[in-house]
Each structure stands twice: as C-alpha cells, then as structure tokens.
Amino acid sequence: MNIAYCSLLLPEEKKLSERTKKRLVGISVHKVTKAEIEGIDANLEKPVTIFNIINTLNYPHFPTLMFKTEKWSHTCGASDIHIGYINLFGIKYITQAHNLYKRLNAWVKSKKKEKCVVCVHESYYPAMKAAYKLKKKYKEQVVLCLNAGDIPGKTYGVYGSKKNLKQKLIEKFVCEKIMELAKGFDCFVFVTKNMAEAYDVQDKPFVVVECVYSEPEYALENQVNPEREDNTKVIFYAGAIREDYGIGHLLRAFSSIKDKNYRLIIAGGGAAEALVEEYAEKDSRIKFMGFISPQEVYRQQQNATVLISPRLSNLEFVKYSFPSKSVDSLASGKPYIAHKLPCDPEEYADYIQYADDESDDGLKNKIIEVCELPEEVRAEIGQRARRFIIEEKTPKKMTEEIVSLWLHMCEEC
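Numbering (the working numbering), first residue to last: -12 to 400.
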C-alpha cells in the first residue's frame, strides 16, 4: 500500500512565526498532523510520502512572495516534497492546487498499477481539488481519504470574525466547493461521529479519531510546581479570544470571585480582545498576554494552578470539532476545568473537571472548588489525567484504525 499524505505542516526550521507580520495560523493543525504522521509511520512498513503546503498568510503579511518546490524528509527513509506556489491572494489557491496535482500525478505514475491512498489532512480547498482531479484520472487505482478536523462554513470557525463582503462571498464559495468535493472522497477520518452527517457521507467508510498526542520536544516531563508560598491561585487560558469560545463567560465567572489571591492569565487573540482588555483594566488580577509561542504556553501551564476552557455546549459547531486544547491541557499534569461538550468521548469524564452547569456561577464554583483542594490532591488529579493521555492517546495507538481503514479500502477496490 502506497500512501501520499497531503499536509499543511509548518516546518520549525523555517521560523515562520518570527517572520510573519501577523499571527501565523495553523499551529494547532501542525501539531495534530505531525503526531498523526508519526503514528501512521509506526503502523506501516515504510513511511508515508508527504506532499506539504507551507500555508502562510498572503504576501505582504508574510514577506515571501514565491515558495519554491523543495525536497525534504520527515523521517529516515522518507522522500517528501514542499509544494511551491505564488503567495498572492487568489493566485495562491490556483498555484497550490496545480503544483500539488502535478506532483501527485507523477507519484501515482511511478507506482505503475499499484494501489495508492491519497490522504488530505484538513478540508483545505487546493489540496482537495488536486486530490479530486487525481481520482478522476486514475479512478479505482487511487483511494481518496479526507482527514477532517472541522466543518467549513457557518458551523465552525466564523463566529466573532470580522469580514468584509468580499471575504464573506469568497468564504461561502470555497466552503460550498469543499463540501461538494468531499462527496468525491472514498473514506474519512473524523474527530466526531456527527461530522459524517454534516458532510453528508454517512454511507461511506469512516473512523473517529478525536485526538493524537505526541509530547513536544520542549516539554519537561512530570514537572509539577510546589505550592506557592503566598497561596496565589493562577487560572490559565490559552486559545482563541472569541465570544463563541466562552471568553466573556470566563471573564464574568472569574470577576465574581472576590479572593484577591486569585489570578487569571489569558493568552491568544481574536475578535473579543477588547473585552479582555476592558476587564483587565478594571481588575488587576487579570493579565492579558496576547499571542505567545507554544513554548511559552507550556511554561505558563506549568506555572498555573489550573487550566481552563470556557467553551459552551449550546453552539452548533461544538458537535463537529474536538478541541486540541483539551488534550494539551490534560497532558500538562495540571487539573483542567471545562464544560461537558457533545464532542467529548465519555472516557474523558474521568479526567476533565466538569463544572456542574454552564452558568457563570457554575464555572466560578468549579474554579474555587479545584483551586482550594490540597496541593497533593490537585497534583494527583493532574498526573492521573496526564497518564491517560500519554498512555492511551499515543500516535501509534490512535492511528491504528486509520491504517486499518486504508487497508480495507485497498482490498475492497
């Protein structure tokens, strides 16, 4: 079985975050993709071939106008390609799709009549278009797999975003095309079972893999900080600063805590930044850090008393996405407070500290309850959750079903 993996990895050695003039998007997708590839390789006799698009902001927000096609290797024995493209609005999608198709076509040709699986990680229009065109040409020789972490369009990722009419029309067109192209894929990897219905592909083979965790190189294993001498309780949130992600809910809940020893640290960016700054001006216990590096996020996690996600269950998109924040937070070794979401597998209830209800008071009460536990109890909660992630959600374990799906598809075709 020959595997081509179409990804949106952001190579660390290219220092993309340092070079961009705005926030670089796609960091969480990069982490998940990298972990999944690690696991898939571990379940195969030879590594996958990666066809990667280094997808950045359009020029001039990112200073590079032309990305050249480059050969590289993600692991020993692999022969991978970074797809070249022109980094200008509109032309970017066209050149990405064209150049990816050209490279995929050459790859399939080199395999003679052998079965080839082409997996597109994330519902990214240029990659899906190139893969769909390839399927049209090679038909049964090529099996297309869409590995989707969300649903494009109104069900995910647009709440709280400020877009002009042109951007909205383009987004609508691209999202509609993505949903059309998805129906031409043969099998799917979803993060929740509800995604099959949203894509309208319930009748096609799919597996559900909500997460894959691989310890980042900068992580210090089993680091747990001693109780602070001044008894300060630090609640840390890192992620999108948006109302639909519950940021207002978190601010209201925290502000209702009267204890001066409590601190709320928020990192990230988004449409609700002004709201965070407004609360921080009124309450000196609230600190807004803006965008910080993954390494700094990890450092802040280790310095925190608890980690938190205020995302609520009442919005449609939470049925179709699994927050990578939950996995990273559970793996940190610190207690993780959140609300129970429709996307959460039942097994997570033993490790996430769920609030009793989704009111501001419900979240406030859970924060106080966990923060006031003895340090050794909090440490045990955190370490127990960490063991669950690093032992049960490993790349190799979590991708076994993906590889089995591909083998089944190759046998069926």
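Cβ atoms here follow ideal geometry from the backbone N, Cα and C, with glycine treated the same way.
The Cβ atoms of ALA185 and TYR307 sit closer than 8 Å to each other.
DSSP places GLU57 within a strand segment (E or B) once states are collapsed to three. With 16 or more other CB atoms across the displayed protein chains lying within 10 angstroms of its CB, GLY226 is buried. VAL161 and ALA135 have their C-alpha atoms roughly 15 Å apart.
The closest CA to that of VAL196, considering only LYS220, GLN289, ASP187 and VAL314, is found on VAL314. Each of LEU(-5), SER66 and ASN248 was checked against the Cα of LEU44, and the nearest Cα belongs to LEU(-5). No alpha helix (DSSP H) of 4 residues or more sits fully in the segment 283 to 312. Going by C-alpha positions, GLY255 is about 26 Å away from GLU356. Cβ contact annotation for ALA65 (same chain, cutoff 6 Å, sequence separation greater than five): PRO34, in chain order. With fewer than 16 other Cβ atoms from the protein chains shown falling within 10 Å of its own Cβ, ARG6 counts as exposed. ILE27 places its beta carbon less than 8 Å from that of ILE389.
Spanning the alpha carbons of SER311 and VAL19 requires a straight line of approximately 8 Å. With distances taken between CA atoms, ILE14 lies nearest to LEU3 out of GLN340, LEU3 and ARG374. Around ILE339, the same chain offers TYR323 and ALA325 as residues with beta carbons nearer than 6 Å, after the five sequence neighbours per side are excluded. With contact defined as three or more Cβ pairs closer than 8 Å, the segment 161 to 181 and the segment 118 to 134 are in contact. Unbroken beta strand (DSSP E) runs of no fewer than 3 residues, entirely contained in the segment 35 to 121, are found at 36 to 39, 57 to 59, 67 to 69 and 103 to 108, following chain order. With respect to the C-alpha of ALA169, the residue from ILE157, LYS180 and LYS191 having the closest C-alpha is LYS191.
In the three-state DSSP reduction, ARG250 falls in the strand class (E or B). Within the same chain, ILE41 come within 8 Å of LYS1 by CB-CB distance, once the 5 residues on both sides are set aside. Between TYR224 and ILE253 the beta-carbon gap is near 5 Å, inside 8 Å, which marks them as a contact.
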